[in-house]
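All letters in the sequence shown, in the order written, are residues 515 to 765 by the numbering used here.
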Amino acid sequence: FGRASQYNALLERARSFKSGFRQNVAVIGRPFIGKTLLIQNFIPALISEGVVPVYAEARPGEPFGLFAGRFVGSILFHYLKFKKSEPKTAGAKDLIGQCKKALPRTAEAAEMAQDYALKNQIDQAWECLLDLPQVAAAETGGPFSVIIEEFDRLPGYGLSQPFSSLGRKIMSQRSVFYIVTSSSVEPAQQILSERLQLLFGNFEILEVKEFDFLTARDFLIQRLRPADISDRHVRFLLSFTDCHPFYLDVV
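As structure tokens, this is what we get:
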């Protein structure tokens, strides 16, 4: 709701990517502003365009092995779904077994990433994870999209140079469309402009902001139906919540 321009921009970038022009995207905005919902609504459209999604969120305070498992599981799970083959499980280990016959090189690369992560050799595991979508794209002949939610948290895993590695892979992987998100607007912009400065021109920044007054009013009235609310109370709630969609939803 109220994110049509950002959704359409993502869809346009996905279609351009399929046509041979890649413009990676950074989606940034305050916490609970609707970035994850935007991405979740976009993933089915990405699949409809013939692009296999790889989705992983960087979470604070967890070991890198959990992130690696979600990354590996996502790429294999979505590939199987894309090929109309029902995955038996969402676990990375079992998915690797399911894919060994159809995607031997991808399965081998996934196992290597998992092995490094289990040995706590996280820099090597990170490099292997970043290679995985390109290996899968080469083996399947199809395009992939890597979506990393809260990418600014990557240093929290103890990686020595997470953004240098990411930058090198993005530069060389023309068959992979990258989307990153962040709730830390200024740090994310700094990372994009400084640590990924060679790529800054290759990242379109989509900033997700609070609703404008009319959108917020429509959103609130729709949420409150069938209850009737006066215009005075609507204005008070919009002012009280600063038109932030999360607070409008829970008020």
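The beta carbon of each residue, even a glycine, is placed where N, CA and C say it ideally should be.
*asked:* So, for GLY715: in the same chain, excluding its five sequence neighbours on each side, which residues have a beta-carbon less than 6 Å away from its beta-carbon?
replied: Since pLDDT at GLY715 reaches only 46, below the 50 mark, its modelled position is unreliable, and no value is offered.
*Which same chain residues, not among the five before or five after PRO701, have their C-beta less than 8 Å away from its C-beta?*
ASP666
*What number of angstroms, rounded off, separates the C-alpha of PHE556 from the C-alpha of LEU525?*
8 Å
_DSSP three-state label for PHE658, please._
strand
*asked:* Once DSSP output is grouped into helix, strand and coil, what is the label at LEU594?
replied: helix
*Kindly list the residues whose CB is nearer than 6 Å to the CB of SER698, restricted to its own chain and excluding five residues on each side of it in sequence; keep chain order.*
ASP666
*With 8 Å set as the bound, which would you pick, yes or no: does the beta-carbon of GLU664 sit closer than that to a beta-carbon of chain D?*
Among the chains of the structure shown, chain D does not appear; only one protein chain is present.
*Return the CA-CA distance between GLU663 and VAL539, expressed in angstroms with no decimal places.*
12 Å
*asked:* What does the Cβ neighbour count give for LYS615, buried or exposed, with the cut at 16 atoms within 10 Å?
replied: exposed
*Tell me, please, whether the stretch 559 to 579 touches the stretch 713 to 733 by the rule of three or more beta-carbon pairs shorter than 8 Å.*
no
_Please classify VAL541 as buried or exposed, where buried requires at least 16 neighbouring CB atoms within 10 angstroms._
buried
*Option nearest TRP640 by Cα separation, candidates GLU625, GLY605, ALA652*: GLU625
*8 Å Cβ cutoff met for ALA559 and GLY587*: no
*Cβ atoms of ASP637 and LEU668: under 8 Å apart, would you say?*
no
*Short check: CB of LEU752 to CB of LEU734, under 8 Å?*
yes
_Own chain, CB closer than 6 Å to THR695, minus 5 neighbours either side, in chain order_ = VAL541, LYS549, GLU663
*Quick one: measure Cβ to Cβ for VAL568 and SER659, integer angstroms, because I've assumed they're closer than 8 Å.*
7 Å
_Proximal residues to LEU644 (C-beta, below 7 Å), its chain only, five neighbours per side dropped_ = SER679, LEU680, LYS683
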